[in-house]
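**Student:**
Number of protein chains: 2
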Amino acid sequence: MEIRHLQALITVAEADSFADAAELLFITPAAVSQQIRQLEEELDLQLFDRSLRPPRLNTMGESLLERARKLVEEFDDFKSTATESTIRGRLSIGSINGITPSLLPETLRSLVRRYPQVRVRIEEGQSQILMRRVMRKELDAAIVSDVTELPESMERIPIFSEPLVVISDLTKNPQSWREALEADHFIRLNRNAGLGIQIDKALKQFHLNVDEAMELDSTDSIVQMTLAGLGSGIVPMGRVSPEVARNLRIFPFGEPQVHRHVVLVQRKGTSSSELSQLLYQELQSQLAERT
Amino acid sequence: MEIRHLQALITVAEADSFADAAELLFITPAAVSQQIRQLEEELDLQLFDRSLRPPRLNTMGESLLERARKLVEEFDDFKSTATESTIRGRLSIGSINGITPSLLPETLRSLVRRYPQVRVRIEEGQSQILMRRVMRKELDAAIVSDVTELPESMERIPIFSEPLVVISDLTKNPQSWREALEADHFIRLNRNAGLGIQIDKALKQFHLNVDEAMELDSTDSIVQMTLAGLGSGIVPMGRVSPEVARNLRIFPFGEPQVHRHVVLVQRKGTSSSELSQLLYQELQSQLAERT
DNA sequence: TCCATAGATTAAGTGTAGCTTAATCTATCC
DNA sequence: GGATAGATTAAGCTACACTTAATCTATGGA
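Chains as they are written, first to last, in the numbering used here: chain A, 12 to 302; chain B, 12 to 302.
Shown next, in the form of structure tokens:
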């Protein structure tokens, strides 16, 4: 049994359902169910009345809930105060693979130059996992792609949006984005990357029949594969440099064109929210410079 | 970061060294080092003065230690009181694979018959892992094989000992246990099972040169393999039934003969120690009946 | 009363975290 | 100035947390 189990209990209690709690925690309902079961097994007592369909906390559960809340709160306190007592201003941020090298280095450099007492740690990963870590207070904020629905307790600040494009190599000669996608093999982005999910949805929405030939982890590799003539793909416009663009056929993806939205996500009322505010400003001025 | 990390911190502080803490926690020094490093990384502060050889807690570490202690204590409280508030008398015990089916069913049956309010949960596994779980208060006690050195905070109660024997099949005709082992392939027990380690040590001590042909997880499978003529092995006497014994050559292992000791292990001053006391008594009377 | 649906559970599969092993490094002690 | 004990690091492996997919079970509507 670990803190995570108590957090699950608390979240389920607040969400009034396993499914909703799962969404809040950025895991699947099955995972929540398992965590609660483990908790019940280790304590050897029923916490929920399973005869009701969204299982409801029973008396035992209610009474434990209070104590669990207190414990988790103290635990969180421990983490935050331990950190803040030393270095004033410390920021752990997550960032999805791909945009880190293009966006963050300059931003952080100027942030640190302007506020030398601020220390930053970056962690890369996939949107969903980063979100989970923000929720668990393991990160202060995360730069993620296109979170469809955000729990009440979190907020999102848009950073930038870029259009998605269909790319295919010069040997083919499609007349439209549809044809480019349907007439060739399709090179798709990993289906558990945020952007990969978004593209999936869009494809369904447009009723496209694609022949999935490959599944890759990064947009850059998709560009490379397309260049090599192995199929067509969908990537954010920004990922295609001008030189590369000359060797590809490029169509806007979707009608109207689909965009990926890169946002900064954080918990509401984070104690370090002033800091992520600074980060956000820095990001903005950084982006302004580029255009 | 989870409770486990704070437990590591506390243990290191108490043991005054990573290595000793590792022993107390039943994990390797490397694992302790990693846990502490993770803690330091997540909090982003140094907790130890690494310029000293057994690294010593620095001021920061000292001050956190207090809070960590409090937190872990409350966490443990949560577990134990949550449990005890409902069913008076609950016992979670671990038991090494192999002896569970032979020893526990009868014992627990009569224990429960005598004290119907007592509830028992059994968990199987390897000695080392069970020990770890006892240490982490995830189990009240464990029936394990031959723990060489036990930390100060735990105690051991012998249950029974049985001699180890060398077995080989009837087609061979060795004149001694040495010959039985050295002239044939050797079928060894998994090297991370408690008994496997003990046998290893004994082999070294006797300067035996064996030709390890197989590594198996259970003593029963070793007996089966030997019957099939695939090599010789070392098993506890009790694992060889009379019928099977007729089809094997059996020698006492070692001079003097090596014994495996099965013991009940628990933390000192466990609140449920009265319960494991009951269990122990039951085990004893059970064993008495058998002889 | 029965079916349809939403939501929880379970079993099986997968990936990653956490541990181990082995090699390397570094204080302390003789 | 080695030699040793103990910590760290890297690589490998195992166990576990989470996912996926299938199943089960309350509730709400016809």
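We put the CB at the ideal spot given by N, CA and C, even for glycine.
Should B/Arg130 be flagged as near chain A, meaning a C-beta pair shorter than 8 Å?
**Tutor:** Position 119 of the second sequence, counting from 1, holds the residue named residue 130 of chain B. It does: the Cβ of B/Arg130 has a partner Cβ on chain A nearer than 8 Å.
**Student:** Do you know offhand how far A/Phe37's Cα is from A/Arg143's?
**Tutor:** Residue 37 of chain A sits at position 26 when you count from the first residue of the first sequence. Residue 143 of chain A sits at position 132 when you count from the first residue of the first sequence. Their Cα atoms are separated by approximately 5 Å.
**Student:** Apart from the five residues just before and just after A/Ala32, which ones in its own chain have a Cβ nearer than 6 Å to its Cβ?
**Tutor:** The residue you call residue 32 of chain A lines up with position 21 of the first sequence. Closer than 6 Å at Cβ, skipping near neighbours: Thr22, Val23, Ala26 and Val43.
**Student:** Against chain B, does A/Phe86 count as a neighbour if the rule is that its beta carbon must be under 8 Å from one of theirs?
**Tutor:** As a position in the first sequence, residue 86 of chain A is number 75, starting the count at 1. Interface residue, yes.
**Student:** Is B/Met12 close to chain A? Criterion is C-beta to C-beta, closer than 8 Å.
**Tutor:** In the second sequence, the residue the question calls residue 12 of chain B occupies position 1. Judged by the 8 Å Cβ criterion, B/Met12 is in contact with chain A.
**Student:** At 9 Å on the CB atoms, spell out the chain A contacts of B/Lys212, in chain order.
**Tutor:** Position 201 of the second sequence, counted from the first residue, corresponds to residue 212 of chain B. Those do not exist, as B/Lys212 stays about 35 Å from chain A at its closest Cβ, beyond 9 Å.
**Student:** Excluding the 5 residues preceding and the 5 following B/Arg260 in the sequence, name in chain order all residues of the same chain whose CB lies nearer than 8 Å to its CB.
**Tutor:** In the second sequence, the residue the question calls residue 260 of chain B occupies position 249. Same-chain partners within the cutoff: Ile178, Ser179, Asp180, Leu181, Lys183, Asn184, Pro185 and Ala191.
**Student:** Thinking C-beta only, is A/Pro116 closer than 8 Å to A/Leu175?
**Tutor:** In the first sequence, residue 175 of chain A corresponds to position 164, counting from 1. In the first sequence, residue 116 of chain A corresponds to position 105, counting from 1. Contact flag unset, no.
**Student:** Can you list, in chain order, the stretches of the beta strand (DSSP E) that have 3 or more residues and sit fully within the region 213-248 of chain A?
**Tutor:** Listed in chain order, the complete beta strand (DSSP E) runs (minimum 3 residues) inside the region 213-248 of chain A are 222-227 and 243-247.
**Student:** Can you tell me the Cα-Cα spacing of B/Gln292 and B/Glu166, whole angstroms?
**Tutor:** Within the second sequence, numbered from 1, the residue matching residue 292 of chain B stands at position 281. Within the second sequence, numbered from 1, the residue matching residue 166 of chain B stands at position 155. Straight-line Cα distance between these residues: approximately 16 Å.
**Student:** Can you check DSSP and say which residues form a bridge with B/Leu259?
**Tutor:** For the purposes of this step, residue 259 of chain B is identified with residue 248 of the second sequence, where counting begins at 1. Partner(s): B/Asp180.
**Student:** Is B/Asp185 helix, strand or coil by DSSP?
**Tutor:** Within the second sequence, the letter at position 174 stands for residue 185 of chain B. Position check: residue 185 of chain B holds Pro in this sequence, whereas Asp was assumed. Of the three classes helix, strand and coil, the one that applies to B/Pro185 here is coil, per DSSP.
**Student:** Consult DSSP for B/Met165 and reduce its assignment to one of helix, strand or coil.
**Tutor:** Here residue 165 of chain B refers to the residue found at position 154 when the second sequence is read from its first residue. In the structure shown, B/Met165 sits in a strand (DSSP, three-state: E or B).
**Student:** Looking at the strands, I want to know which residues DSSP matches up with A/Ser106.
**Tutor:** For the purposes of this step, residue 106 of chain A is taken as residue 95 along the first sequence, with counting starting at 1. The partner list for A/Ser106 (beta bridge, DSSP) reads A/Glu135 and A/Ile154.
**Student:** Could you check what DSSP says for B/Gln277 in three-state terms: helix, strand or coil?
**Tutor:** On the second sequence, position 266 is the one that residue 277 of chain B refers to. Strand, per DSSP.
**Student:** In chain order, what residues of the same chain have a beta carbon less than 6 Å from the beta carbon of A/Ile107, not counting five sequence neighbours either side?
**Tutor:** The count along the first sequence starts at 1 and reaches residue 107 of chain A at position 96. Contacts found: Ser138, Val155 and Ser156.
**Student:** Pull the bridge partners of B/Leu200 from the DSSP assignment, please.
**Tutor:** On the second sequence, position 189 is the one that residue 200 of chain B refers to. Looking at the DSSP assignment, B/Leu200 forms a beta bridge with B/Leu227.
**Student:** Please state whether the Cβ-Cβ distance between A/Lys148 and A/Lys90 is less than 8 Å.
**Tutor:** Position 137 of the first sequence, counted from the start, is the residue given in the question as residue 148 of chain A. Position 79 of the first sequence, counted from the start, is the residue given in the question as residue 90 of chain A. It is a contact, given that the beta carbons lie within the stated cut-off.
**Student:** For chain A, is any of its Cβ atoms less than 8 Å away from the one on B/Asp55?
**Tutor:** Working through the second sequence from its first residue, we reach residue 55 of chain B at position 44. Yes - at least one Cβ of chain A is within 8 Å of the one on B/Asp55.
**Student:** With a Cβ-Cβ cutoff of 8 Å, do A/Glu254 and A/Val221 count as a contact?
**Tutor:** Within the first sequence, residue 254 of chain A is the residue found at index 243, counting from 1. Within the first sequence, residue 221 of chain A is the residue found at index 210, counting from 1. Contact: no.
**Student:** Determine the contact status of B/Leu150 and B/Ile104, defining contact as a CB-CB distance below 8 Å.
**Tutor:** Reading the second sequence from its first residue, position 139 is the one you call residue 150 of chain B. Reading the second sequence from its first residue, position 93 is the one you call residue 104 of chain B. Yes, Cβ-Cβ distance for B/Leu150 and B/Ile104 is below 8 Å.
**Student:** Which chain A residues sit within Cβ distance under 8 Å of B/Arg101?
**Tutor:** Position 90 of the second sequence, counted from the first residue, corresponds to residue 101 of chain B. Residues of chain A passing the Cβ test: Asp55.
**Student:** Can you pull the DSSP bridge partners for A/Glu173?
**Tutor:** Reading the first sequence from its first residue, position 162 is the one you call residue 173 of chain A. Note: A/Glu173 sits in a beta bridge opposite A/Arg271.
**Student:** Between the C-alpha atoms of B/Gln75 and A/Ser74, what's the straight-line distance to the nearest angstrom?
**Tutor:** As a position in the second sequence, residue 75 of chain B is number 64, starting the count at 1. As a position in the first sequence, residue 74 of chain A is number 63, starting the count at 1. Before going on, a small fix: residue 75 of chain B reads as Leu here, not Gln. The alpha-carbon atoms of B/Leu75 and A/Ser74 are separated by roughly 29 Å.
**Student:** Which residues mark the beginning and the end of the alpha helix (DSSP H) in which A/Leu20 is found?
**Tutor:** Your numbering for residue 20 of chain A matches position 9 in the first sequence. Ile14 to Ala26 is the extent of the alpha helix (DSSP H) around A/Leu20.
**Student:** Using the three-state DSSP reduction, which class does B/Thr97 fall into: helix, strand or coil?
**Tutor:** As a working note, residue 97 of chain B is residue 86 in the second sequence. For B/Thr97, the pLDDT reaches just 42, beneath the cut-off of 50, and the residue's location in the model is therefore unreliable, although a value from the coordinates is still provided. Residue state, collapsed to three classes: coil.
**Student:** So that I know if they touch, is there some Cβ in chain A lying closer than 8 Å to that of B/Phe89?
**Tutor:** The sequence position of residue 89 of chain B within the second sequence is 78, counting from 1. Yes, contact with chain A.
**Student:** Identify the contact partners of A/Arg15 in chain B, using a Cβ-Cβ distance below 7 Å as the criterion.
**Tutor:** Translated into the one-based positions of the first sequence, residue 15 of chain A becomes position 4. Under the 7 Å cutoff, chain B gives Glu13.
**Student:** Cα separation between B/Ala30 and B/Gln46?
**Tutor:** Indexing the second sequence from 1 puts residue 30 of chain B at position 19. Indexing the second sequence from 1 puts residue 46 of chain B at position 35. One C-alpha to the other measures close to 13 Å.
**Student:** Rounded to a whole number of angstroms, what is the C-alpha to C-alpha distance between A/Ser296 and A/Thr118?
**Tutor:** To locate residue 296 of chain A, count along the first sequence from 1; it is residue 285. To locate residue 118 of chain A, count along the first sequence from 1; it is residue 107. Using only the alpha carbons, I get a separation of about 9 Å.
**Student:** My understanding is that B/Phe262 touches B/Ser187, with C-beta atoms under 8 Å, so please give their C-beta distance in whole angstroms.
**Tutor:** The residue labelled residue 262 of chain B in the question sits at position 251 within the second sequence. The residue labelled residue 187 of chain B in the question sits at position 176 within the second sequence. The Cβ separation is near 7 Å, so the contact holds.
**Student:** Buried or exposed: which applies to A/Ala93, given that a residue is buried once 16 or more other Cβ atoms fall within 10 Å of its Cβ?
**Tutor:** Indexing the first sequence from 1 puts residue 93 of chain A at position 82. Result: buried.
**Student:** Look at the alpha carbon of A/Pro127 and the alpha carbon of A/Ser172, and state the distance between them as a whole number of angstroms.
**Tutor:** Translated into positions along the first sequence, residue 127 of chain A becomes position 116. Translated into positions along the first sequence, residue 172 of chain A becomes position 161. The alpha-carbon atoms of A/Pro127 and A/Ser172 are separated by roughly 30 Å.
**Student:** Closer than 8 Å is the cut-off here; do at least three beta carbon pairs connect the region 272-280 of chain B with the region 158-165 of chain B?
**Tutor:** Enough Cβ pairs lie closer than 8 Å, so yes.
**Student:** Report back the beta-carbon spacing between B/Glu13 and A/Arg15 to the nearest angstrom; my notes put them in contact at under 8 Å.
**Tutor:** Indexing the second sequence from 1 puts residue 13 of chain B at position 2. Indexing the first sequence from 1 puts residue 15 of chain A at position 4. The Cβ separation is near 7 Å, so the contact holds.
**Student:** Under three-state DSSP, which class holds A/Phe86?
**Tutor:** Within the first sequence, numbered from 1, the residue matching residue 86 of chain A stands at position 75. Looking at A/Phe86 - three-state DSSP - the assignment turns out to be helix.
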